[in-house]
Ligand code: HEM
Ligand code: HEM
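Chains as they are written, first to last, in this note's numbering: chain A, 1 to 428; chain B, 1001 to 1428.
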């Protein structure tokens, strides 16, 4: 496709130029690095906004949470394999430096994939060399096991820094969790508009973590399933329904403050204020029974129309839900529908959903192994995900889904100054 | 990102309009269907060409072979679970009709995801409802087992139609093949510039094949690893090297005729002329040792420079390889390098490479399970893939790769008239 030509040419034309002045690159440090990665010079014409530019890495909060959801995901959970706290800290510092560079569209390290001498090991793996930042965000989280005591030893001297809400989630009816793809001491959520950029970033962090961490599990998401900004069109999940319509949106700052960010006075706020809890659930979707159900059954299950995404009984996607509306003497939105049970009116809370669709090959029984890698951010998992999920006990959708993995992480606040690093307040 | 807004708006604006006159939609039948999918109205401005438009479905050859490689892949191999030839034929006819529609950016069936009555089962699963054709191609292939005799019974009466070259590939040194993700009676290669469009297409074919076929294995590819047209910039594979520089390119029609298409006089040409053989190899890449090797070691292994992709001893990516050039009394391109051994001069043949990078979670040993899903098209697998792969016996790259799956399929020629269907000449 000649799109590739023009993209390729513009990349090559600007190859090696530093990123200063590049549209969308706002992060400090973007102009550094003699052997920088290519950067997009201007947003594409025609009014379409830039999906190639950089998202600022520094700030009060980590990027990748209220950042408008990018198209692709590579999520990875790690076990820490060292018992040396200093090594772990060093790695987090090295990760932060690399994340700063990569989110600005640069190589993971100073000399890059082709710098240094021929007998040096490159400090970047190179597969994103010609690619722009592509909206890359890297979001780090700490799992409950990082704070644990193992064989009577406080693993990293963090036992008394664990905030109460940072514990494994309770069991829910119907769970079919595989421990091999659940949990983790650390996680990195890489989101970008180009999957190669997300994969490249994760891989270079893995490389920097050699000997300190080992990959526990990883998940690719091929398409976002929720909008997280009112400026985004609502994508569809694998049930064919619009997803994210009534999500917490970045623009709703008061709800974000209330439901997403850990705040002074909350448990662990000494290091976690400005951060958030991340819950991941790999949810297998039973595609075959869903695909043989009627349109009415599907719409009654969700509580919205398939085409427009309107609440049942209404016409437009963004019409407010009305749980009192009746059709033929029945509630238009059934009380067993997903939307009825998940809505704040009935769950009593709200979460920020930021999930991705996956297809992970087939299941050995002649079916695709496909579903939703559910990601939620909240101020407290107990009053966030867990409260909603408990309320979904009678959800008609349960017939069509099965949760196969679970994890929870505390994501520290954003990195601010040039010397700051992921987890500094926790480890100081 | 506000890109999503403008895209979303233009889709919504044109939602429900038939595709006639839409840029890039050339396929017959694109204008049909009252409840058509959204279609992009004009190519994006700014000189960037259209990655949203449709690729013609009909033609002398199937699309998806010399079609400039799209960005994303969903490949699926099927077992046929019926022993009724008529059922198989019916399914191939239904698949062809659905493929015709979906590659034009329409729903899989007439009534779509929201047509018919509320108590009808929709005939499209709906997750691509708002998405354009996105360059979707669907390419079908028939595996050797389809022509087999099982328990003394000729499965579908095709035993004497099997062309000689359509047999399982021979074993190669170093192979570590997993039979569960190898082989297959049928395959569909879905390529598109939007992964959701590729996944949607495969899923709807699976749905139409219920009771006739069952998914044997499936593979998602997140990024193409080869250019197949001289109009495309060369992408990079997970070793960080440009891949596809010296590929057979669509524009080189005489080489394509010679090396890709089955031609009158070839075995099986009565039904396969105009078709091609498809070889897939899932190749795990040993990322960690590669990432700790020096730049010199990497470049000597491939035979090209990492940054520019130039043959060693030359400067530009497209400079011709010169296997006689020397540096300090040694051949510039080592005789154990991948390019030396794979080049037509030394392999005596050529293939069309059309592979994709994959990351399939982690391997349980703390590493990503990542690599290249290698796809090659050729006129004869024996004088194509097998001949090259045999010549790679001494390839220095073997230290860094391991083949974990293998399959071969005969892809019939393109569908032509309105009544034509995939495999008609084979089953008639
Ligand atoms: C495969 C699993 C799931 C699918 C397919 C799914 C799908 C949907 C859809 C289509 C909507 C309506 C559109 C919208 O407002 O976003 C929705 C809403 C929602 N979902 Fe889910 N969902 C899934 C799992 C979950 C889980 C596990 C939770 C939390 C425990 C959850 C929480 C919510 C919430 C809070 C809303 C908004 C309800 C409202 O305010 O109206 N969902 N979901
Ligand atoms: C993970 C595995 C592989 C990797 C990373 C890889 C990578 C590369 C690279 C970087 C090039 C040079 C650029 C180009 O001309 O495209 C190349 C060329 C080539 N490769 Fe591979 N390759 C792999 C496997 C294979 C296999 C299995 C075959 C066939 C058996 C193959 C056949 C070729 C051919 C024919 C060329 C063109 C050589 C020339 O004409 O100069 N490759 N490959």
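Ideal Cβ positions, reconstructed from N, Cα and C, are used throughout, including at glycine.
Treat the numbers as computed from the prediction; the structure is a model and nothing was measured.
Scan the region 202–217 of chain A for residues whose Cβ lies nearer than 9 Å to a Cβ of chain B and list them as they occur along the chain.
202, 203, 204, 206, 207, 210, 213, 214, 215, 216 and 217
By the 10 Å Cβ neighbour count, where 16 or more other Cβ atoms means buried, how is residue 318 of chain A classified, buried or exposed?
exposed
For chain A, check one thing: does any of its Cβ atoms lie closer than 9 Å to the Cβ of residue 1076 of chain B?
yes
Do you know how far the Cα of residue 91 of chain A is from the Cα of residue 42 of chain A?
With a pLDDT of 33 at residue 42 of chain A, under the threshold of 50, the modelled position of this residue cannot be trusted; read the value that follows with caution. Going from the Cα of residue 42 of chain A to the Cα of residue 91 of chain A covers about 35 Å.
Count the other C-beta atoms from every protein chain shown that fall within 10 angstroms of the C-beta of residue 1422 of chain B, then say buried if there are 16 or more, exposed otherwise.
buried
Comparing the C-beta of residue 319 of chain A with each C-beta of chain B, is any distance below 9 Å?
no
With three or more C-beta pairs closer than 8 Å as the rule, is the region 1285–1304 of chain B touching the region 1382–1389 of chain B?
no
Compare the C-alpha of residue 53 of chain A against each of A:250, A:85 and A:104 and name the closest.
A:104
So for residue 1311 of chain B, helix, strand or coil by DSSP?
strand
Along the chain, where does the beta strand (DSSP E) containing residue 217 of chain A start, and where does it finish?
213–221
Starting from the C-beta of residue 227 of chain A, find all residues in its chain whose C-beta is less than 6 Å away, skip the five residues before and the five after it, and write them out in chain order.
234 and 244
Rounded to the nearest angstrom, what separates residue 152 of chain A and residue 192 of chain A at their Cα positions?
41 Å
Please tell me whether residue 1180 of chain B and residue 1190 of chain B are closer than 9 Å, where the distance is taken between their beta carbons.
no
Test: residue 430 of chain A CB closer than 9 Å to a CB of chain B
Residue 430 of chain A lies beyond the stretch modelled for chain A, which goes from 1 to 428, so this question has no answer here.
Counting only C-beta atoms, is residue 223 of chain A closer than 9 Å to chain B at any point?
yes
Look at the Cβ atom of residue 1377 of chain B, then the Cβ atom of residue 1222 of chain B, and state whether they are nearer than 9 Å.
no
Is residue 1245 of chain B near ligand 2 - that is, is its Cβ less than 8 Å away from at least one heavy atom of it?
yes
In the DSSP assignment, find the unbroken alpha helix (DSSP H) run with residue 1270 of chain B in it and report its ends.
1269–1272
Contacting residues, own chain, Cβ-Cβ under 6 Å from residue 282 of chain A (five flanking each side not counted)
373, 404 and 405
From the DSSP secondary-structure annotation, give me the bridge partner or partners of residue 73 of chain A.
A:191 and A:221
Could one say the Cβ of residue 1276 of chain B lies closer than 9 Å to chain A's Cβ atoms, at least one of them?
no
Please find out if some non-hydrogen atom of ligand 1 comes closer than 8 Å to the beta-carbon of residue 1068 of chain B.
no
Where does residue 1169 of chain B fall in DSSP's three states?
coil
Could you check which residue in B:1278, B:1359 and B:1126 has the C-alpha nearest to that of residue 1353 of chain B?
B:1278
Considering only heavy atoms of ligand 1, does any lie closer than 8 Å to the CB of residue 1298 of chain B?
no
Got a sec? Which residues, its chain only, sit under 6 Å from residue 1182 of chain B by beta carbon, not counting five neighbours each side?
1405, 1406 and 1407
Which of the three DSSP states is assigned to residue 349 of chain A in this structure?
coil
Below 6 Å CB to CB, which residues in the same chain sit around residue 32 of chain A once its five sequence neighbours on both sides are set aside?
Residue confidence for residue 32 of chain A is low, a pLDDT of 32 falling below 50, so the modelled location carries little weight; the figure read from the coordinates is stated next. Nothing meets the Cβ criterion.
Is residue 1339 of chain B near ligand 2 - that is, is its Cβ less than 8 Å away from at least one heavy atom of it?
yes
Taking the beta strand (DSSP E) that residue 1408 of chain B falls in, what are its first and last residues?
1401–1411
Residue 1321 of chain B Cβ short of 8 Å to ligand 2 heavy atom set
yes
Is it the case that the region 246–254 of chain A contacts the region 324–334 of chain A, given that we only count it when at least three CB pairs across the two stretches are under 8 Å?
no
Under 8 Å by Cβ, that's how I've got residue 74 of chain A and residue 1359 of chain B pegged, so tell me the actual separation to the nearest angstrom.
7 Å
Test: residue 158 of chain A CB closer than 9 Å to a CB of chain B
no
Got a sec? Which residues, its chain only, sit under 8 Å from residue 1338 of chain B by beta carbon, not counting five neighbours each side?
1301, 1302, 1303, 1392, 1395, 1396 and 1397
Does any residue of chain A have a CB that is nearer than 9 Å to the CB of residue 1136 of chain B?
no
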